[in-house]
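Residue numbers (the working numbering): 5 to 384.
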Ligand SMILES: Cc1ncc(COP(=O)(O)O)c(C=O)c1O
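Written out as structure tokens, the structure reads:
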């Protein structure tokens, strides 16, 4: 039987999209204002996000993939370079490396939290390594202290693919407030969305200035035009390729209005996630991820390990509860250079991880029903 057979229209969905009425009003206002290009709404979004999560510097762009590529470009990652990266992620993490002409070198992950394994990162560093790419999988932060120590030791910058991790914390700091560069996504299933969109944060002012230019052809949009007959500011040299990744004010007004409601969205996800963790903790055939005490996940998704995954999926689908596999190990896709044989933890996770539904439209009754269904499987 395939997943299609179970798509009956009244199932409990795996994910949903949160758009507040304020976003609808805000976008109408922006459209009526006739300034729909990158402008004050985009500035307002960056300011709000920075104030809320303590980002030292923040750039907005068209999507999370563009954010990653821009970060790599600012770090001058290019042909011939290697980036040590995680193979357990959505492919965008690693296609952004290919887009820059570089090669992802896959480290192993931790089976118990699905994040990149620090010791494995260090083993994969070669003279060609130009950067380290990590993903805070499912919104649960990586072992940042250890990874940053490795980065420091080898003089390698760390890009945190934080597509899942808006509002997540590592120790006392929000993701994006510390470290080198963090890239966020505002794509439809994300905790805050604008349809598509991205944010790039950094603690370094020089990188901020470069990133800001990188998302608009290498031009500083805020630079004053001194010569009215020249369309570009005087300091634009045109010596470095930039991208057309700037966020416009239509997108920014949706993101900004939704961001005002982040706390309520995050609270509901936390309630559901914590209830799952409490009520499913005793299961034997379904295992929760290990969320260490010093981090605060945002419950962007809820992955679990299950025995006999296909049977579990059918059990849930029969009850009209959508479950699915979020990502496959990226090295199954030939563009990444072929299947790696030296990643045992990745192999295990790739065979048994599945997502339970988590989103704002779930009612308490539905959450109870999902928990019941999982428990029935566990004892079947
Ligand atoms: C881990 C990860 N990185 C990057 C991306 C790409 O983000 P976007 O869709 O905004 O380009 C996603 C999107 O889902 C993702 O899950």
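Backbone N, C-alpha and C define an ideal beta-carbon position, used for all residues, glycine too.
Quantities reported herein were computed from a predicted structural model and do not represent experimental measurements.
Checklist line | Within 6 angstroms of ligand 1: residues by beta-carbon to any heavy atom | finding: 67, 68, 69, 93, 94, 96, 97, 139, 165, 167, 168, 189, 191, 200, 202
Next item on the list: For residue 227, name the three-state secondary structure that DSSP assigns.
Entry: coil
Check: Do residue 71 and residue 222 have their CB atoms nearer than 8 angstroms?
Finding: no
Note to self: Excluding the 5 residues flanking residue 362 on each side, which residues of the same chain have their C-beta closer than 7 angstroms to its C-beta?
What the structure shows: 273, 276, 277, 303, 305, 306
Note to self: Within a Cβ cutoff of 6 angstroms, which residues of the same chain sit near residue 65, ignoring the five residues on either side of it in sequence?
What the structure shows: 71, 202, 219, 249, 251
Notebook entry, point to check: In angstroms, rounded to a whole number, what distance separates the CA positions of residue 384 and residue 367?
Noted result: 26 angstroms
Checklist line | Through-space distance from residue 136 to residue 215, alpha-carbon basis | finding: 18 angstroms
Note to self: Just verifying my parser: in three-state terms, what is the DSSP assignment at residue 205?
What the structure shows: strand
Notebook entry, point to check: Are residue 26 and residue 267 closer than 8 angstroms when you measure CB to CB?
Noted result: no
Next item on the list: Check residue 388 in the structure and name its three-state DSSP category.
Entry: Because residue 388 is not part of the residues shown, which for the chain are 5 to 384, the question remains open.
Note to self: Is the beta carbon of residue 204 closer than 8 angstroms to that of residue 75?
What the structure shows: yes
Next item on the list: Please state if the CB of residue 253 and the CB of residue 34 are separated by a distance shorter than 8 angstroms.
Entry: yes
Next item on the list: Return the CA-CA distance between residue 327 and residue 116, expressed in angstroms with no decimal places.
Entry: 20 angstroms
Check: Candidates 189, 161, 148: which alpha carbon is nearest residue 176's?
Finding: 148
Margin query: Report the CB separation of residue 376 from residue 311 in whole angstroms; it is logged as a contact under 8 angstroms.
Written below: The pair is not a contact, with the Cβ atoms about 19 angstroms apart (cut-off 8 angstroms).
Notebook entry, point to check: Given 8 angstroms as the limit, is there contact between the segment 92 to 100 and the segment 156 to 169, that is, 3 or more CB pairs closer than that?
Noted result: yes
Item checked: Reduced DSSP category for residue 185 - H, G, I as helix; E, B as strand; rest coil -> strand
Next item on the list: Pick out whichever of 131, 178, 146, 144 has its Cα sitting closest to the Cα of residue 159.
Entry: 131
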